[in-house]
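A short write-up of the structure that comes next.
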Amino acid sequence: MSTNFVEPLENIAATVLDRIADTIVGEASTLRDGTEHAGVELPRDLYAHKNAQTEWWYYTGHMRTVSGRRFGFELVFFKRRTDLDRFGVVPLRLIANPLYLAHFAITDESRKSFRYEHRKSAGGIFDLPAAASEKDYHLRLGNWTVRERQGLHILRATMGDDLIFEVTLKSSKPAALNGHEGVGVSFKDTGEASRYFSFTRMEAAGDITWHGVTEHFTGSAWMDREFGTWRTTENQKGWDWFSIQLETGAEV
658 MSTNFVEPLE NIAATVLDRI ADTIVGEAST LRDGTEHAGV ELPRDLYAHK NAQTEWWYYT
718 GHMRTVSGRR FGFELVFFKR RTDLDRFGVV PLRLIANPLY LAHFAITDES RKSFRYEHRK
778 SAGGIFDLPA AASEKDYHLR LGNWTVRERQ GLHILRATMG DDLIFEVTLK SSKPAALNGH
838 EGVGVSFKDT GEASRYFSFT RMEAAGDITW HGVTEHFTGS AWMDREFGTW RTTENQKGWD
898 WFSIQLETGA EV
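Numbering-wise (this note's numbering), the sequence shown opens with residue 658 and increments by one.
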């Protein structure tokens, strides 16, 4: 079937489905409120944002238990507003808006093992409960949580029936404002922007339970936070991300 015939039908179908979506879940937002180029404001920008298409909260760290066992962790929460997204001709906001995702991983350096789990929730009846507060710093996907209390970041996650991870993080440095002019604005190819900041060195203390055995641990962590609305271009094929804490006290 020729493209000249299919495209008009797809456009008609998309228009009809948009009108249905407008009736059922409301009109799609542009996800722009005029503050996209404003600098980072803390602690407010730790919280979720109504008009950000994509936002994430990204924690990694390296720890050592009292028995000398070394391990690394990753706990990441994503929130995606789907107002501008489609699956074919179907507006995704008919299915989920917002969509929540999270990753949790443990690298057991001492035993040379790696475990991870991925979760997602569309907020439906049969989905895991999920939320990202716009009034304070509180994230949730199932029983994985992040919250702030008196300047401390408190994380909790589980994996299977045999692993429980709980840690409290305290930043030992002010937030590093990434991007241009030191205000935390990161410009994209199309002139759009995200806001992006990091806590590059956080003191960590917590407990981890493996197979019924609980150990206390201490260590150091890193937190990245980015949010905004932007379009991916051909020049953006992906990214390689790393965080390095040097013994000199500097970070890369």
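Cβ coordinates follow ideal geometry from the N, Cα and C atoms, glycine included.
In this text, all values refer to a predicted model and were calculated from it rather than measured experimentally.
### Query
Okay, do the stretch 831 to 840 and the stretch 803 to 818 touch, 3+ Cβ pairs below 8 Å being the bar?
no
### Task
With DSSP collapsed to three states, give me the class of glutamate 766.
coil
### Query
What are the partner residues of leucine 732, as DSSP defines its beta bridges?
Tyr716 and Phe761
### Query
For leucine 909, does the three-state DSSP call read helix, strand or coil?
The question names leucine, but residue 909 in the sequence shown is valine. Here valine 909 sits in coil by DSSP.
### Message
Taking the alpha carbon of aspartate 784 as the reference point, which residue from Asp793, Leu758 and His795 has its own alpha carbon closest?
### Response
Leu758
#### Entry: Other residues of its chain near asparagine 708: CB distance less than 6 Å, five sequence neighbours each side excluded
Leu688 and Asp690
### Message
Does alanine 670 pass the burial test, meaning 16 or more other C-beta atoms within 10 Å, or should it be called exposed?
### Response
exposed
### Task
Give the range of the beta strand (DSSP E) segment to which glutamate 872 is assigned.
870 to 885
### Task
Taking only the alpha-carbon atoms, compute the straight-line gap between leucine 741 and proline 748 and give it to the nearest angstrom.
8 Å
### Message
Counting C-beta neighbours from all protein chains within 10 Å, is the total for histidine 694 16 or more, i.e. buried, or is it exposed?
### Response
exposed
### Message
What does the alpha-carbon distance come out to for the pair alanine 787 and tyrosine 704?
### Response
15 Å
### Query
Closest to arginine 797 by CA distance: which of Thr711, Phe735 and Tyr773 is it?
Phe735
#### Entry: Distance, tyrosine 794 Cα to tyrosine 773 Cα
24 Å
### Query
I think threonine 739 touches arginine 727, with their Cβ atoms under 8 Å apart; what is that distance to the nearest whole Å?
Rounded, the Cβ-Cβ distance is 40 Å, inconsistent with contact.
### Task
Go ahead and label glycine 869 buried or exposed: buried means 16 or more other beta carbons lie within 10 angstroms of its beta carbon, across all protein chains shown.
exposed
### Cβ pair count under 8 Å reaching 3, the stretch 711 to 719 against the stretch 868 to 882
yes
### Query
Ordered along the chain, which non-local residues of its own chain (more than five positions away) have a Cβ less than 7 Å from that of glutamate 840?
Note that residue 840 is valine in the sequence shown, not glutamate. Gly696, Val697 and Leu834.
### Query
Of the residues Gly906, Lys830, Thr886 and Thr722, which one's Cα is nearest the Cα of methionine 859?
Lys830
### Message
Taking a contact to mean a Cβ-Cβ separation below 8 Å, would you say glutamate 872 touches threonine 722 in this structure?
### Response
yes
### Query
So, is proline 755 buried or exposed, given that buried needs 16 or more other C-beta atoms within 10 angstroms?
buried
### Query
Does DSSP classify alanine 705 as helix, strand or coil?
coil
### Task
Grab me the residues of isoleucine 752's own chain with a C-beta within less than 7 Å of its C-beta, minus the 5 sequence neighbours each way, in chain order.
Ala779
### Query
Is the beta carbon of leucine 820 sitting closer than 8 Å to the one on alanine 861?
no
### Task
Spatial neighbours of arginine 813 within its chain, please: CB distance less than 6 Å, with the 5 preceding and 5 following residues excluded, ordered by chain position.
Thr802 and Glu823
### Message
Tell me the DSSP secondary structure of aspartate 864 in three-state form.
### Response
strand
### Residue range of the unbroken beta strand (DSSP E) whose run includes valine 723
Counting along the chain, valine 723 falls outside any beta strand (DSSP E), and DSSP gives it neither H nor E.
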